[in-house]
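Let me begin by presenting the structure, written as structure tokens, before commenting on it.
Number of protein chains: 4
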Amino acid sequence: MKNHRNRKGRKENARKRDAILEAALEVFAQKGFLDATISEIAKKASVAEATIYEYFENKENLLFSTPGKKQKEALDLLAFQLAGVKGALNKIRKFIWFYLWFFQNNRSWSSVALMILRPNKKFLNTPAYQLLRLWTQEILEIFKEGQEEGSIRKDINIFVARNLFLGTIEHLTSRWILMDKPKDLTEFANDTADLIVNAVKTPSPQDVYFINSTIHLGEKGREMSAGSDRNHSESS
Amino acid sequence: MKNHRNRKGRKENARKRDAILEAALEVFAQKGFLDATISEIAKKASVAEATIYEYFENKENLLFSTPGKKQKEALDLLAFQLAGVKGALNKIRKFIWFYLWFFQNNRSWSSVALMILRPNKKFLNTPAYQLLRLWTQEILEIFKEGQEEGSIRKDINIFVARNLFLGTIEHLTSRWILMDKPKDLTEFANDTADLIVNAVKTPSPQDVYFINSTIHLGEKGREMSAGSDRNHSESS
Amino acid sequence: MKNHRNRKGRKENARKRDAILEAALEVFAQKGFLDATISEIAKKASVAEATIYEYFENKENLLFSTPGKKQKEALDLLAFQLAGVKGALNKIRKFIWFYLWFFQNNRSWSSVALMILRPNKKFLNTPAYQLLRLWTQEILEIFKEGQEEGSIRKDINIFVARNLFLGTIEHLTSRWILMDKPKDLTEFANDTADLIVNAVKTPSPQDVYFINSTIHLGEKGREMSAGSDRNHSESS
Amino acid sequence: MKNHRNRKGRKENARKRDAILEAALEVFAQKGFLDATISEIAKKASVAEATIYEYFENKENLLFSTPGKKQKEALDLLAFQLAGVKGALNKIRKFIWFYLWFFQNNRSWSSVALMILRPNKKFLNTPAYQLLRLWTQEILEIFKEGQEEGSIRKDINIFVARNLFLGTIEHLTSRWILMDKPKDLTEFANDTADLIVNAVKTPSPQDVYFINSTIHLGEKGREMSAGSDRNHSESS
DNA sequence: TATGAATGAGCGTTCATTCAT
DNA sequence: GATGAATGAACGCTCATTCAT
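Protein chains in written order, with the working numbering: chain A, 510 to 745; chain B, 510 to 745; chain C, 510 to 745; chain D, 510 to 745.
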């Protein structure tokens, strides 16, 4: 409220600022927002508590500042990952894999983003949230692209499709965070991609085949989702 | 001293207990777990703060006790809703619609379940969570049923499919809770069902048709998803 | 701001409330508002810090509640003191003496009232201040009475006269509080009364006398201010 | 390191020092000692916070240094104002008017002096306080002069009279600072002077007059206090 | 059973002040 | 001489929880 001095956001010591953010990310991920203490964050960042207030207005502001850098990194990497990939469906598959991979390799960030930030209404009015929207808009673009190129059905609601996309991945990741299952989050990338692709793709004749005048399920899909079956140990 | 909870005998008890739970649900939904105070819950339930501790061990225990009744109600209603519905795909559609309908008509409960309980690790060790599993197992059963009857592809991972199912609905509902969009949560029930059904159903020849020796997209799907187009006002 | 529970002002334990007020008065008097700590007040009152917040909203509110009881006591005693006194001028003398006596016998209260409350703008919007106004209005009444009975000049501004009255006494008392001089605050009651009475009283022929056709100062005043001379040790 | 204050040599120094003092005066007046922050003073003075510590030992020291310059200015002006005025009573009138005028035209200074410095015990051990004593001694001198010339009663305690003088003026000014009443502080200069002069002056036969062998109140006083009546809008 | 009253334990936040540059 | 950066040291305040009645 009262930001005395020239507190907040000096670039001078980006290193110290980053150290605080990193520490905060870890502590928030581990303890949750309210059980996390400034004291612990400060200790982990090797600064005095008061120093945190030189860079961030308050605890909540610190929380909201926490995902920014990683989010940008994710955006850059995503572009890199998608570069050269042809076709919306392939992009979707790549996106899903990358999304899960990135979550997996940034567990604290995932935890903060999904468990703390997402249920927080105030987060919506935050610069960090605006950044996040770039990410989700990318998904929409891919769907649109697919509709234009014909690979994605024109009769689906792409906003609902985006819900499908995000909801599925976030649900999978949430389970991973909460229950440590599966150990390897990307393990289900293919199965997940199969379903999502199925959901949106334009049906093609390759999907059906004729045996003795009967139409059977094509086996093509199987080739991409080998290893997926009901034998996975699922606890719920 | 500590087993008041077990004395189900007296009606007066149950009434007061329910009043507390209802008040708690509302306050938790409105304020979140930590900003909710025992004091406010007590006031809303018209009991003294200490009385709450006669019925619940502590604040967290109260939180975890909060969804139980509604959850049972949901299970009963679900059975009622699915009764007489033929075919896994139709059950899925019905389930989706009912899920959204129930969320919509129990906002506080939805809010507590999705925003507070789900991100809470401790909730997993809770009786209330076991109840919730019955719910999600129902989904698995339907998928299995579909695979047996042939309407659902046998080559999909039904656990991942359940993620798809739950994740999509919860994501949609979360948006509704956080941003009040869409006003009517069931508005997208059909579009959502279309996508999920597409994702899991066994492709059938009806989905393709031949014109001049070429296979085209069947129009059947369209019949069920009338009203679905990209004109929905979506803000993100 | 947020007064959770039924905090503030339960009469149930007026004893505890009084203990807190008394402790607060002493600590405030000794340390000033900001150097006084809730912790010290709690210790002196033999209650937990949190208990203070059961009775008072916050530190400032506690400060403002501090003088009330004594102020009422002063009002009652004043009425008692003035009862039976005839004539506005005699009432003024009595009032002055009592005012100084009461300050002297309630040092902490004096200190808080003059040193902390008076310079605090917010105090003006306080119930305690309204009580104080009864006190100062009493002075006005006496001046009016004197003007009606003829003992006080009709050509003076009684509001300014009240400033004279209050300002003089408060200045004297402030010096006493700050510098412990004079040891006995009532020592100058007579001299002060003489001056204030002189300032407002209707001049009377007794005040002048004729010697050899010349008018001299009457000696009557002297009788009441015996002992007043310039030999007092004054440091400023 | 710690004696920068003594290096009066460089002009640049004095200029910066004055800027700090001026800023401090305003901030202290507006916020009070404790709510004033070094940060705000620094900002207002356009210097860095640390710079303030080059010129002043600490916050309290800065506060005590704050009134000095104005106080000297007041002393000089007072001498100027009193120059050529004949008779103690006239000097008293002039002094009162000038005192109020100076307060009025230096509101921040008044505020700091009366509201912050006066209730502060430590201020008494301060060079600035010694300067202030010159001011109050001047009052004593005038009283003595009046007693010698016969215009002021020899039977009054001049120290008490000084209390009357200072207390009245300070009380009036305090009200003005706290409640902005009256708008023009010098409005009551005459009325105040009348009362104070009445209080101390030697009664003279002109004050009484004879009608039908009876002694009546003289009207002389009225001539000097035109405009004084009970119609002033006073809120308390 | 119900509760009014009391409190222990803790945390975010503020600033005056220091010091290396 | 000037200052940006860092921090130590405090303190008000909140609430979940307990317990005597």
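Cβ atoms here follow ideal geometry from the backbone N, Cα and C, with glycine treated the same way. Everything numeric in this text was worked out from a predicted model, so none of it was measured.
Worksheet item: Around the C-beta of A559 of chain A, are 16 or more other C-beta atoms found within 10 angstroms, so that it is buried, or is it exposed?
Response: The residue you call residue 559 of chain A lines up with position 50 of the first sequence. Answer is exposed; the Cβ neighbour count stays below 16.
Worksheet item: How would you call R524 of chain B, buried or exposed, if buried means at least 16 neighbouring beta carbons within 10 angstroms?
Response: On the second sequence, position 15 is the one that residue 524 of chain B refers to. By the neighbour-count rule (16 or more Cβ atoms within 10 Å), R524 of chain B is not buried but exposed.
Item to complete: For the alpha helix (DSSP H) holding R624 of chain B, just list the boundary residues, first then last.
Response: Sequence index remark: in the second sequence, residue 624 of chain B carries index 115 (1-based). Correcting the residue type first, residue 624 of chain B is Met in the shown sequence and not Arg. No alpha helix (DSSP H) holds M624 of chain B; DSSP gives it neither H nor E.
Worksheet item: Buried or exposed: which applies to A702 of chain B, given that a residue is buried once 16 or more other Cβ atoms fall within 10 Å of its Cβ?
Response: Your numbering for residue 702 of chain B matches position 193 in the second sequence. Per the 10 Å Cβ criterion, buried.
Worksheet item: Using 9 Å as the limit for Cβ to Cβ distance, is L633 of chain B near chain A?
Response: In the second sequence, residue 633 of chain B corresponds to position 124, counting from 1. Yes, contact with chain A.
Discussion item. For Q656 of chain C and K663 of chain D, I'd like the C-alpha separation in whole angstroms.
Written reply: One-based indexing of the third sequence puts residue 656 of chain C at position 147. One-based indexing of the fourth sequence puts residue 663 of chain D at position 154. Their Cα atoms are separated by approximately 27 Å.
Discussion item. My output table needs one value for K552 of chain C: the three-state DSSP class, helix, strand or coil.
Written reply: Counted from its first residue, the third sequence places residue 552 of chain C at position 43. DSSP places K552 of chain C in helix when its eight states are reduced to three.
Discussion item. Determine whether the beta carbon atoms of K578 of chain D and D527 of chain D lie at a separation below 9 Å.
Written reply: Locating residue 578 of chain D in the fourth sequence gives position 69, where the first residue counts as 1. Locating residue 527 of chain D in the fourth sequence gives position 18, where the first residue counts as 1. In this structure, D527 of chain D lies closer than 9 Å to K578 of chain D by Cβ.
Practice prompt. Return the residues of the segment 673 to 698 of chain A that lie within a Cβ-Cβ distance of less than 8 Å from chain B, sorted by chain order.
Written response: Under the 8 Å Cβ criterion, the segment 673 to 698 of chain A contributes L673, L675, G676, T677, I678, E679, H680, L681, S683, R684, L687, M688, F697.
Worksheet item: Among C:I550, C:F652, C:W644, which has the Cα closest to the Cα of V536 of chain C?
Response: Stepping through the third sequence from its first residue, residue 536 of chain C is reached at position 27. Checking every option, the nearest Cα to that of V536 of chain C belongs to C:I550.
Fill in: Any chain A beta carbon closer than 9 Å to N567 of chain B
Residue numbering aside, residue 567 of chain B sits at position 58 when the second sequence is read from its first letter. Answer no: the Cβ-Cβ gap between N567 of chain B and chain A never drops below 9 Å.
Worksheet item: Roughly how far, in whole angstroms, is the beta-carbon of F542 of chain D from the beta-carbon of I625 of chain D, given that I think they are within contact range, below 8 Å?
Response: Sequence index remark: in the fourth sequence, residue 542 of chain D carries index 33 (1-based). Sequence index remark: in the fourth sequence, residue 625 of chain D carries index 116 (1-based). 5 Å between Cβ atoms; contact.
Discussion item. Just to confirm before moving on: does the CB-CB distance between E654 of chain C and K600 of chain C stay below 9 Å?
Written reply: Here residue 654 of chain C refers to the residue found at position 145 of the third sequence. Here residue 600 of chain C refers to the residue found at position 91 of the third sequence. Yes, these two residues count as a Cβ contact at 9 Å.
Worksheet entry | Which of helix, strand or coil DSSP assigns to K692 of chain B | Position 183 of the second sequence holds residue 692 of chain B. Three-state result, K692 of chain B: coil.
Practice prompt. For K603 of chain C, count neighbouring Cβ atoms within 10 angstroms of its own Cβ and tell me buried if that reaches 16, exposed if not.
Written response: Here residue 603 of chain C refers to the residue found at position 94 of the third sequence. Counting Cβ neighbours within 10 Å, K603 of chain C comes out buried, since at least 16 surround it.
Practice prompt. Could you have a look at I651 of chain B and say whether DSSP puts it in helix, strand or coil?
Written response: Start at 1 with the first residue of the second sequence, and residue 651 of chain B comes out as number 142. In the structure shown, I651 of chain B sits in a helix (DSSP, three-state: H, G or I).
Worksheet entry | Residue-chain proximity (P628 of chain A, chain B), Cβ-Cβ < 9 Å | Within the first sequence, the letter at position 119 stands for residue 628 of chain A. Contacts with chain B at 9 Å (Cβ-Cβ) include P628 of chain A.
Worksheet entry | Environment of T645 of chain A [buried if 16+ CB atoms lie within 10 Å] | Along the first sequence, read from residue 1 onward, the residue named residue 645 of chain A stands at position 136. That one is exposed.
Fill in: CB contact check: I625 of chain A to chain B, cutoff 9 Å
One-based indexing of the first sequence puts residue 625 of chain A at position 116. By this cut-off, I625 of chain A is an interface position.
Worksheet item: When the cut-off is 9 Å and only beta carbons count, does L572 of chain D lie next to chain C?
Response: Counting from 1 along the fourth sequence, the entry for residue 572 of chain D is found at position 63. Output row for L572 of chain D: interface = no.
Discussion item. Let me check understanding here. Comparing Cα to Cα, which of A:L586, A:D689, A:N522, A:L598 lies closest to F565 of chain A?
Written reply: Residue numbering aside, residue 565 of chain A sits at position 56 when the first sequence is read from its first letter. For the residues A:L586, A:D689, A:N522, A:L598, the minimum Cα distance to F565 of chain A belongs to A:N522.
Worksheet item: Using the rule of at least 16 other Cβ atoms within 10 Å of the residue's Cβ for burial, across every protein chain shown, is A545 of chain C buried or exposed?
Response: The sequence position of residue 545 of chain C within the third sequence is 36, counting from 1. A545 of chain C counts as buried, since at least 16 other C-beta atoms from the protein chains shown sit within 10 angstroms of its C-beta.
Worksheet item: Quick one, which of A:T682, A:L591, A:A533, A:A637 has its alpha-carbon nearest I561 of chain A's?
Response: For the purposes of this step, residue 561 of chain A is taken as residue 52 along the first sequence, with counting starting at 1. Comparing Cα-Cα distances from I561 of chain A to each of A:T682, A:L591, A:A533, A:A637, the minimum goes to A:A533.
Worksheet entry | Complete runs of the alpha helix (DSSP H) confined to the segment 545 to 594 of chain C [at least 4 residues] | 547 to 554, 558 to 564, 568 to 574, 577 to 591
Fill in: Helix, strand or coil at I665 of chain B according to DSSP, with G and I counted as helix
Translated into positions along the second sequence, residue 665 of chain B becomes position 156. Three-state DSSP puts I665 of chain B in coil, outside helix and strand.
Practice prompt. Check the Cβ-Cβ distances between I705 of chain B and every residue of chain A, and say whether any is below 9 Å.
Written response: For this step, residue 705 of chain B is matched to residue 196 along the second sequence. Taking Cβ atoms only, chain A reaches closer than 9 Å to I705 of chain B, which makes this a yes.
Item to complete: Please decide whether A637 of chain D counts as near chain C, where near means a Cβ-Cβ distance under 9 Å.
Response: Here residue 637 of chain D corresponds to residue number 128 of the fourth sequence, with the count starting at 1. A637 of chain D does not count as touching chain C.
Practice prompt. Assuming I529 of chain D contacts A557 of chain D (C-beta within less than 8 Å), just tell me the rounded distance between them.
Written response: Position 20 of the fourth sequence, counted from the first residue, corresponds to residue 529 of chain D. Position 48 of the fourth sequence, counted from the first residue, corresponds to residue 557 of chain D. At roughly 11 Å, the Cβ-Cβ gap does not stay under 8 Å, so I529 of chain D and A557 of chain D are not in contact.
Worksheet entry | Bridge partners - K710 of chain A, DSSP secondary structure assignment | Looking up residue 710 of chain A in the first sequence gives position 201. In the DSSP secondary-structure assignment, K710 of chain A is bridged to A:I661.
Discussion item. Let me see if you follow: with CB-CB separation under 9 Å, is V536 of chain B close to chain A or not?
Written reply: By 1-based counting over the second sequence, the position of residue 536 of chain B is 27. No, its Cβ sits nowhere closer than 9 Å to a Cβ of chain A.
Discussion item. Does any residue of chain D have a CB that is nearer than 9 Å to the CB of P576 of chain C?
Written reply: Here residue 576 of chain C refers to the residue found at position 67 of the third sequence. For P576 of chain C, the closest Cβ of chain D is not nearer than 9 Å.
Item to complete: Assess, as a yes-or-no matter, whether the segment 674 to 688 of chain C is touched by the segment 614 to 630 of chain C under the definition of 3 or more beta carbon pairs within less than 8 Å.
Response: yes
Worksheet item: A637 of chain A: which of A:Q539, A:E531, A:T575 sits nearest, CA to CA?
Response: Within the first sequence, numbered from 1, the residue matching residue 637 of chain A stands at position 128. Considering only alpha carbons, the answer is A:T575.
Practice prompt. Drop a sphere of 10 angstroms on the beta-carbon of R671 of chain D, count the other beta-carbons inside from all chains shown, and report buried for 16 or more, exposed for fewer.
Written response: On the fourth sequence, position 162 is the one that residue 671 of chain D refers to. Buried, since its Cβ has 16 or more Cβ neighbours within 10 Å.
Practice prompt. Show which residues of chain D have a CB atom less than 9 Å away from the CB atom of L587 of chain C.
Written response: Within the third sequence, the letter at position 78 stands for residue 587 of chain C. In chain order: nothing, as chain D lies at least about 17 Å away.
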